[in-house]
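Each residue of the sequence shown is one higher than the last, beginning at 1 in my numbering.
Ideal Cβ placement from N, Cα and C applies to all residues, glycine included.
These numbers come from a predicted model, not from an experiment.
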Amino acid sequence: MFPDEGACVNTIAANLEGEVAEWMTVLHNKGAPELGNISTFIEELRARFGDPTQACWVEQVHG
Numbered sequence: 001m002f003p004d005e006g007a008c009v010n011t012i013a014a015n016l017e018g019e020v021a022e023w024m025t026v027l028h029n030k031g032a033p034e035l036g037n038i039s040t041f042i043e044e045l046r047a048r049f050g051d052p053t054q055a056c057w058v059e060q061v062h063g
């Protein structure tokens with residue numbers, strides 16, 4: 001589906017907003033190596049901002 005992992009990260013990045021988008025811009029400007037590896041990128045994203053699926057689950061349960 002994607003020619004390489006960097007392209008996958010770029011697709012995700014194109015849909016980010018707010019603080020997460022700002023963080024992504026900083027990574028991009030630094031040429032961060034995690035932008036070329038989807039697993040590392042997701043790890044860093046979760047470490048910094050938490051797991052969004054967990055937040056959705058809590059919201060659904062506790063509405």
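Burial state of residue i, where buried means 16 or more other Cβ atoms lie within 10 Å
| i | result |
| --- | --- |
| PHE2 | exposed |
| PHE41 | buried |
| VAL26 | exposed |
| GLY63 | Low confidence applies here, because GLY63 scores a pLDDT of 49, under 50, leaving its location unreliable; read the following figure in that light. With fewer than 16 other Cβ atoms within 10 Å, it is exposed. |
Whole-number beta carbon distance between residue j and residue i, since they are thought to touch under 8 Å
| i | j | result |
| --- | --- | --- |
| PHE7 | MET24 | Note on residue identity: the sequence assigns Ala, not Phe, to residue 7. That pair is no contact at about 15 Å. |
| GLU5 | ILE38 | 5 Å |
Residue i beta carbon near the ligand COA (any heavy atom closer than 7 Å)
| i | result |
| --- | --- |
| LEU45 | In the structure on display, the ligand COA does not appear, and there are no ligands present to speak of. |
Item to check | Complete runs of the alpha helix (DSSP H) confined to the stretch 11-53 [at least 4 residues] | outcome: Counting only runs that start and end inside the stretch 11-53, the alpha helix (DSSP H) elements of at least 4 residues fall at 18-30 and 38-49.
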